[in-house]
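Since the structure comes first, as structure tokens, the remarks are kept for the end.
There are 2 protein chains.
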Amino acid sequence: MLSTIRIVLVQTFHPGNIGATARAMKTMGLSDLVLVNPRSFPDEEAERLAAGATDVLNTARVVTSLDEAVNDCVQVVGASARLRSLPLPHFDEPDDMAQSVIRNAHEAPVALVFGRERSGLTNDEIRCCTHQVSIPANPEYGILNLSQAVQILAYEVHRAWRKQAESGFTYQRPLDATPPSREQFGHFQDHLARLMQQSGFLTQPHARTEEQLQALFARAQPSRKELSLLRGLLSAFEAHLPTK
Amino acid sequence: MLSTIRIVLVQTFHPGNIGATARAMKTMGLSDLVLVNPRSFPDEEAERLAAGATDVLNTARVVTSLDEAVNDCVQVVGASARLRSLPLPHFDEPDDMAQSVIRNAHEAPVALVFGRERSGLTNDEIRCCTHQVSIPANPEYGILNLSQAVQILAYEVHRAWRKQAESGFTYQRPLDATPPSREQFGHFQDHLARLMQQSGFLTQPHARTEEQLQALFARAQPSRKELSLLRGLLSAFEAHLPTK
Numbered sequence: 016m017l018s019t020i021r022i023v024l025v026q027t028f029h030p031g032n033i034g035a036t037a038r039a040m041k042t043m044g045l046s047d048l049v050l051v052n053p054r055s056f057p058d059e060e061a062e063r064l065a066a067g068a069t070d071v072l073n074t075a076r077v078v079t080s081l082d083e084a085v086n087d088c089v090q091v092v093g094a095s096a097r098l099r100s101l102p103l104p105h106f107d108e109p110d111d112m113a114q115s116v117i118r119n120a121h122e123a124p125v126a127l128v129f130g131r132e133r134s135g136l137t138n139d140e141i142r143c144c145t146h147q148v149s150i151p152a153n154p155e156y157g158i159l160n161l162s163q164a165v166q167i168l169a170y171e172v173h174r175a176w177r178k179q180a181e182s183g184f185t186y187q188r189p190l191d192a193t194p195p196s197r198e199q200f201g202h203f204q205d206h207l208a209r210l211m212q213q214s215g216f217l218t219q220p221h222a223r224t225e226e227q228l229q230a231l232f233a234r235a236q237p238s239r240k241e242l243s244l245l246r247g248l249l250s251a252f253e254a255h256l257p258t259k
Numbered sequence: 016m017l018s019t020i021r022i023v024l025v026q027t028f029h030p031g032n033i034g035a036t037a038r039a040m041k042t043m044g045l046s047d048l049v050l051v052n053p054r055s056f057p058d059e060e061a062e063r064l065a066a067g068a069t070d071v072l073n074t075a076r077v078v079t080s081l082d083e084a085v086n087d088c089v090q091v092v093g094a095s096a097r098l099r100s101l102p103l104p105h106f107d108e109p110d111d112m113a114q115s116v117i118r119n120a121h122e123a124p125v126a127l128v129f130g131r132e133r134s135g136l137t138n139d140e141i142r143c144c145t146h147q148v149s150i151p152a153n154p155e156y157g158i159l160n161l162s163q164a165v166q167i168l169a170y171e172v173h174r175a176w177r178k179q180a181e182s183g184f185t186y187q188r189p190l191d192a193t194p195p196s197r198e199q200f201g202h203f204q205d206h207l208a209r210l211m212q213q214s215g216f217l218t219q220p221h222a223r224t225e226e227q228l229q230a231l232f233a234r235a236q237p238s239r240k241e242l243s244l245l246r247g248l249l250s251a252f253e254a255h256l257p258t259k
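Listed in order, the protein sequences are those of chains A and B.
Heads up: the first sequence runs through residues 16 to 259, numbered per this note's numbering.
Heads up: the second sequence runs through residues 16 to 259, numbered per this note's numbering.
Here it is, written out as structure tokens:
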């Protein structure tokens with residue numbers, strides 16, 4: 016479904032922005048790039064800034080009008096820094112836009128359109144769009160670099176996509192972070208309770224103190240490995256305690 | 016509150032990334048930048064990429080250790096592409112991280128720490144952190160450009176901030192998008208209903224058709240100005256209708 020989401024750049028001046036856009040796209044699982052009258056493309060600067068995303072540049076389409084870029088799309092979202100007085104349905108929040116795009120992208124291509132670095136999109140180009148979106152920003156300085164704007168909107172689209180149950184997206188987990196079983200954790204708690212007594216820390220049964228320390232360790236959510244280290248530490252202390 | 020949120024870059028290789036970071040920060044209302052052993056700073060390339068955010072560069076602090084950069088902070092979030100096997104509390108989702116940061120930033124400075132372009136943060140540097148965050152991305156190509164990662168996390172922090180009632184953040188609205196009053200909209204509906212009859216469109220009272228068209232116009236949420244244009248169009252048609 017991310018494959019039906021298209022990024023369209025209109026008359027980009029700096030080829031570096033095209034390269035950085037390709038990289039931003041690829042990190043967020045997007046690959047369909049269309050360039051409308053780019054000033055200079057292909058270009059070494061684009062290759063350089065694309066880093067490991069030159070495949071996105073290599074499959075990018077170059078066309079001569081925005082119509083050509085989006086005429087097969089069921090939704091065309093124009094990204095602009097300033098609202099125009101041609102009020103299309105407008106998303107104040109990129110996350111609302113992203114949810115709408117993900118829904119529509121099931122059916123057919125959906126495009127996010129970005130204009131020129133200095134002047135954005137013309138009124139005629141806005142007319143090719145079905146929606147507008149702005150990125151809420153500092154009212155005193157709200158103009159993001161073009162490829163940064165692409166990165167944010169691509170990130171929001173990826174976020175809307177992964178929050179769907181059927182996306183199958185899984186978070187990275189470090190290999191040794193398996194939680195312990197309840198039984199293993201119980202052994203640790205018993206060991207700790209015993210040593211609290213044996214060490215003289217709890218001079219009398221003091222449920223509150225014991226509870227609080229146990230709660231701390233529970234909240235820390237030690238992995239299996241960490242629990243094993245803690246047990247080892249407790250045993251090292253235990254070796255020095257008078258046997259009770 | 017955004018003023019207590021600090022961005023820390025550790026041993027940045029490309030001064031352009033420092034400049035792009037400053038710009039990304041300013042667009043999201045952040046201004047506190049600290050550089051730990053940057054390879055080259057100040058630098059023309061940083062100035063160039065900062066665009067209108069050179070003030071952020073000018074007030075940036077340069078220090079020689081991460082400790083120095085964050086020792087007054089109550090929360091230090093290390094941004095890394097890969098989870099380390101030194102498992103700090105970890106945010107899978109930048110929005111969870113941002114909500115936590117915004118809560119803590121009421122009290123004292125909070126830092127987001129970014130490592131070297133190629134190798135990220137060292138284990139010693141991770142030890143200076145209280146939390147880790149990753150940006151969920153394409154598992155086949157998940158390494159964002161440094162300033163892009165800053166842009167995304169700054170964006171998420173801004174988003175968490177503006178969603179608070181007390182932020183006072185308001186969305187841009189184009190000047191002529193004031194909605195009409197209910198009375199004005201009622202006049203339009205009456206006018207439309209009258210002309211649906213007068214034109215012969217509704218040959219008999221047909222509540223469903225009239226309802227559907229009225230619903231369309233309600234859903235379009237015309238601004239005061241647009242309503243006025245619609246009334247003008249209706250009047251232009253009306254001039255040609257037989258008076259009933």
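Quick reminder that beta carbons are idealized off the backbone N, C-alpha and C, glycines included.
Asked: Can you tell me whether B/Asp70 is buried or exposed, with buried defined as 16 or more other CB within 10 angstroms of its CB?; Found: exposed
Asked: Roughly how many angstroms lie between the CA atoms of B/Glu60 and B/Leu159, to the nearest whole one?; Found: 20 Å
Asked: Using only the alpha-carbon positions, how far apart do A/Thr258 and A/Gln229 sit?; Found: 23 Å
Asked: Which residues of chain A have a Cβ atom closer than 7 Å to the Cβ of B/Ile167, listed in chain order?; Found: Gln166, Ile167 and Tyr170
Asked: With three or more C-beta pairs closer than 8 Å as the rule, is the stretch 28 to 48 of chain B touching the stretch 159 to 170 of chain B?; Found: yes
Asked: Under 8 Å by Cβ, that's how I've got B/Leu72 and B/Glu62 pegged, so tell me the actual separation to the nearest angstrom.; Found: 7 Å
Asked: Is there a Cβ from chain A that is less than 8 Å from the Cβ of B/Pro151?; Found: yes
Asked: When you compare the CB positions of B/Gln236 and B/Arg131, do they come within less than 8 Å of one another, or not?; Found: no
Asked: Would you say A/Val92 and A/Glu122 are within 8 Å of each other, going by their C-beta atoms?; Found: no
Asked: From what residue to what residue does the beta strand (DSSP E) around A/Gln146 run?; Found: Here the sequence assigns His to residue 146 of chain A, which means Gln is not the residue at that position. Element bounds for A/His146: His146 to Val148.
Asked: Going by C-alpha distance, which of A/Arg174, A/Glu140 and A/Ala94 is nearest A/Asn86?; Found: A/Glu140
Asked: When Cβ atoms are compared, which residues of the stretch 16 to 49 of chain B fall closer than 8 Å to chain A?; Found: Ala35, Arg38, Ala39, Lys41, Thr42, Met43 and Gly44
Asked: Mind checking B/His255: buried by the 16 CB within 10 Å criterion, or exposed?; Found: exposed
Asked: Does chain B have any CB closer than 8 Å to the CB of A/Asp58?; Found: no
Asked: In terms of residue numbering, what span does the alpha helix (DSSP H) encompassing B/Phe203 cover?; Found: Arg197 to Gln213
Asked: Quick one: what's got a C-beta closer than 8 Å to B/Gln204's C-beta in the same chain, skipping five residues either side?; Found: Gln229 and Phe232
Asked: Tell me whether B/Gly93 sits in a helix, a strand or coil according to DSSP, three-state version.; Found: strand
Asked: Under the DSSP definition of a beta bridge, which residues are partnered with B/Ile158?; Found: Paired residue(s): none; B/Ile158 is not in a bridge.
Asked: Here's the rule: buried if 16 or more other CB atoms are within 10 angstroms of the residue's CB, otherwise exposed. What is B/Gly201?; Found: exposed
Asked: Would you say B/His146 lies against chain A (beta-carbon separation less than 8 Å)?; Found: no
Asked: State buried or exposed for B/Asp250, treating a residue as buried only when at least 16 other CB atoms are found within 10 Å of its CB.; Found: Sequence inspection shows Ser at residue 250 of chain B; the Asp mentioned does not correspond to that position. Looking at its Cβ environment, which holds fewer than 16 other Cβ atoms inside 10 Å, B/Ser250 is exposed.
Asked: Return no unless some Cβ of chain B is closer than 8 Å to the Cβ of A/Ala120.; Found: no
Asked: Tell me which residue opens and which closes the beta strand (DSSP E) that A/Arg21 is part of.; Found: Ile20 to Val25
Asked: I'd like to know whether the C-beta atoms of A/Phe129 and A/Leu24 end up nearer to each other than 8 Å.; Found: yes
Asked: Can you name, in chain order, every residue of its own chain whose Cβ lies under 7 Å from the Cβ of B/Ala39, other than the five neighbours on each side?; Found: Ser162, Val165, Gln166 and Ala169
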